[in-house]
Amino acid sequence: MQNEKIFNLKTLKKFGQYFICSIVLLLPSTVFAKTILILGDSLSAGYGVTTQQGWVNLLQQRLNQQYPKQHKVINASVSGETTSGALARLPKLLQTHQPNIVVIELGGNDALRGQPPQMIQHNLAKLIQNSQKSKATVLLFGMKIPPNYGTAYSKAFENNYKLLSQQYKVKLLPFFMQGVAGNKKLMQKDLIHPNANAQKILLDNAYPYIKGAL
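Okay, so the sequence shown: first residue is 134 according to the numbering used here, each after it adds one.
Right, here's the structure in full:
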């Protein structure tokens, strides 16, 4: 009788484990879904290309292929956006979308307007802090500027991203425009904005970092 009880207990335990595992496997994949907020400027807003051609839309397509019906991309990028403009918009974006991942692709327009690197760093830091307070994982996309702004300014601007990445322990894509900037075949006539042919390269630059945060 005692052996029979022990056998029954073991059987029930195994059945319970099997039942729990089965339930987990049957849960819809959306339980693990992530919302990704892209907070960028014209490079992510798709200036000069169609929405379908832009790298952010290509990101959603690739995610749909690899993780069907799981992850949602919100493109909150605005052409001409600055760090201060994004800082003003961020609270509502966080409240509305409650993202799991926030991609910050900003700073270029600040530099083009000659804003002090210290101010750019301060605003980027606030964007990171506010995103982290909302429990989101932050990804920082680094930018570079033309050398005609001066060596000291260019170096200070570029170092901002590295310093912030270290300070707030966020993943840094060192240069979002790698492989595109300086290549006239991949740029629009203004030589500032990437054309449609460049969008897949931008996606390939960004994707390993975004996938790693899922």
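A virtual CB, placed ideally from N, CA and C, is assigned to each residue, including glycine.
Keep in mind the model is a prediction, meaning the values are calculated, not measured.
Straight-line Cα distance separating residue j from residue i
i           : j           : result
residue 298 : residue 185 : 31 angstroms
residue 279 : residue 337 : 23 angstroms
residue 216 : residue 245 : 12 angstroms
residue 214 : residue 259 : 16 angstroms
residue 352 : residue 257 : Within the shown structure, residues of the chain are numbered from 134 to 347, placing residue 352 beyond reach of any answer.
residue 308 : residue 269 : 22 angstroms
residue 212 : residue 250 : 21 angstroms
residue 183 : residue 322 : 16 angstroms
residue 318 : residue 333 : 14 angstroms
residue 199 : residue 347 : 12 angstroms
residue 178 : residue 242 : 13 angstroms
residue 155 : residue 165 : With a pLDDT of 44 at residue 155, under the threshold of 50, the modelled position of this residue cannot be trusted; read the value that follows with caution. Rounded to whole angstroms, residue 155 to residue 165 spans 17 angstroms at the Cα level.
residue 287 : residue 316 : 20 angstroms
residue 163 : residue 248 : Per-residue confidence for residue 163 stands at a pLDDT of 46, beneath the threshold of 50, marking its modelled position as unreliable; the derived number appears in the next sentence. Rounded to the nearest angstrom, the two C-alpha atoms are 42 angstroms apart.
residue 264 : residue 300 : 15 angstroms
residue 219 : residue 267 : 16 angstroms
residue 90  : residue 284 : An answer regarding residue 90 cannot be provided, because it is not within the stretch 134 to 347 covered by the chain.
residue 210 : residue 222 : 11 angstroms
residue 312 : residue 320 : 11 angstroms
residue 261 : residue 271 : 7 angstroms
residue 254 : residue 180 : 25 angstroms
residue 187 : residue 324 : 17 angstroms
Cross-strand partners of residue i (DSSP beta bridge)
i           : result
residue 306 : 274
residue 168 : 205
residue 232 : The partner list for residue 232 (beta bridge, DSSP) is empty, contrary to what the question assumes.
residue 320 : 327
residue 407 : A query on residue 407 cannot be resolved here, the shown segment of the chain reaching from 134 to 347 and no further.
Pair within 8 angstroms by beta-carbon distance, residue i and residue j
i           : j           : result
residue 239 : residue 174 : yes
residue 205 : residue 168 : yes
residue 172 : residue 237 : yes
residue 226 : residue 176 : no
residue 342 : residue 304 : yes
residue 350 : residue 208 : Residue numbering for the chain in the displayed model covers 134 to 347; residue 350 lies beyond these limits and cannot be assessed.
residue 296 : residue 275 : no
Contact test: residue i Cβ vs the ligand FMN heavy atom, cutoff 7 angstroms
i           : result
residue 202 : Summarising the ligand content, the structure contains no ligands, and the ligand FMN is consequently not present.
contact_flag[the region 290-308, the region 320-333] where n(CB pairs < 8 angstroms) is 3 or more: The region 290-308, when compared against the region 320-333, does not touch it at the 8 angstroms Cβ threshold.
Is it the case that the region 216-231 contacts the region 190-198, given that we only count it when at least three CB pairs across the two stretches are under 8 angstroms? A contact between stretches requires three or more CB pairs, one per stretch, nearer than 8 angstroms, and the region 190-198 fails this requirement with the region 216-231.
What beta strand (DSSP E) runs, 3 residues minimum, are completely inside the region 173-214? Fully enclosed beta strand (DSSP E) runs of 3 or longer: 205-208.
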